[in-house]
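See below for the structure under consideration.
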Amino acid sequence: MTPDRITTSLFMILRMLLRRRIVLILLAVIPVVFFSVVAFTTPDRKVPFRLSSLDGNIFIAASEKQIALVFFAVAVAGFLMSFLAMNLIQKNSKINRRLILCGYHPLELLLSNLLALTLIIVLISVYVGLITSAFFHVSHPGLMIFSLALTGFVYGGYGLVVGSLVEGELEAILLIVLLANIDAGWLQNPIFYAEAQNQVIIHWLPAYFPSQSAIFAAFTDYSILRASLASLLYGSGFLAFSMLIFYLKMRIRK
Amino acid sequence: MILKADNMIKSFGNKNVLKGVSFSMDEGTVNGIAGENGSGKSTLLKILVGLWKADRGNLQINGKIGYCPQDPLIFPQLTVDEHFRYFAAAYGLKKHDWQHQREFLLEHLNFGQSRKDKVEILSGGTHQKLNLSLSLLHEPDLLILDEPYNGFDWETYLRFWEITAQLKQQGCSILIVTHLLNDRDRFDNIHNLKNGILE
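Same order as they appear, the protein sequences are chains W and R. Note that our numbering numbers the first sequence so that position 48 is 32, with each residue one more than the last. Note that our numbering numbers the second sequence so that position 121 is 119, with each residue one more than the last.
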């Protein structure tokens, strides 16, 4: 493994991503559309809700609009990251194999892809976090951005798994939209969650811990440590699985 | 001898695709393997370049391989120059080593005017030129080409043979795998692959 190969690959990957029109359109349009819909349609009335990861019957009161903004920020970060990660791995799979035949080690390509994803996670979380903060006073903006990065990490890992396993682009997009919509875009909404009949299923979905962390950061002074660690663990599972598939697909049988 | 394949066998389930393929190549020769669709060409080629492993048999290659796939495996969003840089890193080449070869390839295949352009806006013929150039960037000892003329216009086809002659003179061996062999007099050896057997 040489740093020169990894940095060359990293710069090429970033160039490719930023030159894809669909990537720029999604980055610009998705947050604006989601937040505008919330801003124009959700009422400002205060709603008390209980956070499932807090012990006991502790209720938090926040405006319905603010809750929706935080919840949609998580959904936006999750959707964008999973889409970009899937796109990155799936699109270049055959060309990556050629690069490996020419001398790249699969781990060098993997590492450069992961570094590129890390940079994009940071970019998206800061961007979405700043937009959220522009709409209302977030209690801990830094932790809010960190929580969105956790969402990006978990959903980026999911995107990598989908991109490594599924060959068809349409099928892969469907899998991403389906989970992002159902999980981050619906079930993790604390207002829905409070009344849900089967909360155990919701606990096991990928956006659960990052959502809890984001809501803590946005509205409370409670520690996000437990939710953050659980998010990291969840995302690491996806990451390890996708790395294994990538390595198995990319290795050369000499 | 640059390449020696001995009794190579490959099966997929019950289907025997290669049934004991043996052949060899000397330095500085142009060799062709021709075969119809389903003859086992692609399987043999994937084994030769290292993508697959034969079930049985020996393969010995002495030197650097350059592999030019049939469909251009290139990045649509990168420019021609960026491709050279990316592949130079893959081959582990030093800057002054590959830049000279890049200029040679751009000039001889006549696509220097497109070096700053993103691949997605270039023609199919230029894709094929870049595809070929990337396999030649590290000045290989053995060049393996899969249906190399697809998308070439007449002028590029002639230039391709000029480069081939030049490579041959430098001691590079060339293996062309194709379903249709023209210009048979340009080859030193021609093998026909039929139902997994080399004739």
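Built from N, CA and C at the ideal position, the CB exists for glycine as well.
- Under the 8 Å Cβ criterion, the segment 24 to 33 of chain R does not count as touching the segment 199 to 208 of chain W, having fewer than three qualifying pairs.
- Cβ contact annotation for Lys44 of chain R (same chain, cutoff 6 Å, sequence separation greater than five): Trp50, in chain order.
- Between Asn56 of chain R and Ile0 of chain R, the C-beta spacing is not below 8 Å.
- Contact between the segment -11 to 8 of chain W and the segment 69 to 78 of chain R is established, with three or more Cβ pairs separated by less than 8 Å.
- Bridge pairing for Phe225 of chain W: absent [DSSP].
- Looking from the CA of Val112 of chain W, the closest CA among W:Ile236, W:Ser197, W:Leu132, W:Phe43 belongs to W:Leu132.
- In summary, the residues of the segment 86 to 105 of chain W whose CB is separated from some CB of chain R by less than 7 Å are Cys86, Gly87, Tyr88, in the order they occur in the chain.
- Taking the Cβ atoms as the reference, Pro138 of chain R lies roughly 5 Å from Lys62 of chain R, within the contact range of under 8 Å.
- Every alpha helix (DSSP H) stretch that sits fully inside the segment -11 to 64 of chain W and reaches 4 residues is listed by chain position as 5 to 25.
- Residue pairing of Ala3 of chain R in beta bridges, as defined by DSSP: R:Phe21, R:Leu57.
- At a beta-carbon threshold of 8 Å, the residues of chain R lying near Ile236 of chain W are Gly48, Leu49, ordered along the chain.
- Taking 8 Å as the threshold, the shortest C-beta distance from Gly149 of chain R to chain W does not fall below it.
- One Cα belongs to Leu158 of chain W, the other to Tyr218 of chain W, and the distance between them is close to 22 Å.
- For Ile119 of chain R, no Cβ of chain W is located within less than 8 Å of the residue's own Cβ.
- For Lys92 of chain R, the nearest beta carbon of chain W is not closer than 8 Å to its own beta carbon.
- Taking the Cα positions, Phe33 of chain W is about 10 Å away from Ser47 of chain W.
- Taken in chain order, the members of the segment -6 to 8 of chain W whose beta-carbon sits within less than 7 Å of a beta-carbon on chain R are Met(-4), Arg(-1), Met0, Arg3, Arg4.
- What Phe85 of chain R touches in chain W, judged by beta-carbon distance under 7 Å, is Cys86, going in chain order.
- Among the CB atoms of chain R, none fall inside 8 Å of the CB of Ile166 of chain W.
- Contact between Ile72 of chain R and Ile44 of chain W is ruled out by a C-beta separation of about 53 Å, above the 8 Å threshold.
- Here DSSP, grouped into helix, strand and coil, assigns Leu107 of chain R to coil.
- Residues of chain W with a Cβ closer than 9 Å to the Cβ of Lys116 of chain R are, in chain order, Arg3.
- Exclusion of the five residues before and after Lys39 of chain R leaves Gly33, Val175, Leu191 as the residues of its chain whose Cβ lies within less than 6 Å of its Cβ.
- Fewer than three Cβ pairs drawn from the segment 118 to 133 of chain W and the segment 69 to 83 of chain W lie within less than 8 Å of each other, which leaves the two stretches out of contact.
- When CB distances to chain W are screened at a threshold of 7 Å, not a single residue of the segment 148 to 178 of chain R falls below it.
- For Phe73 of chain R, the chain W residues whose Cβ falls inside 8 Å of its Cβ are Met(-4), Met0, Asn76, Ile79, in order along the chain.
- Residue state for Cys86 of chain W is assigned as helix, using DSSP reduced to three classes.
- Between His136 of chain R and Leu91 of chain R, the beta carbon gap of about 6 Å places them in contact (Cβ cut-off 8 Å).
- Cβ neighbours of Ile115 of chain W within its own chain (closer than 7 Å, five residues either side excluded): Pro15, Phe19.
- Beta-bridge analysis with DSSP links Ile72 of chain R to no other residue.
- Residue range 187 to 192 is occupied by the beta strand (DSSP E) that includes Lys192 of chain R, with no alpha helix (DSSP H) assigned at that position.
- For Ser171 of chain R, DSSP records a beta bridge to R:Leu140.
- For the set W:Ala164, W:Ala224, W:Ser212, W:Leu95, the Cα lying nearest the Cα of Phe56 of chain W is the one of W:Ala164.
- At a cut-off of 8 Å between beta-carbon atoms, Pro67 of chain R makes contact with chain W.
- Here the alpha carbons of Leu(-6) of chain W and Leu93 of chain W stand approximately 8 Å from one another.
- At a cut-off of 8 Å between beta-carbon atoms, Ala3 of chain R makes no contact with chain W.
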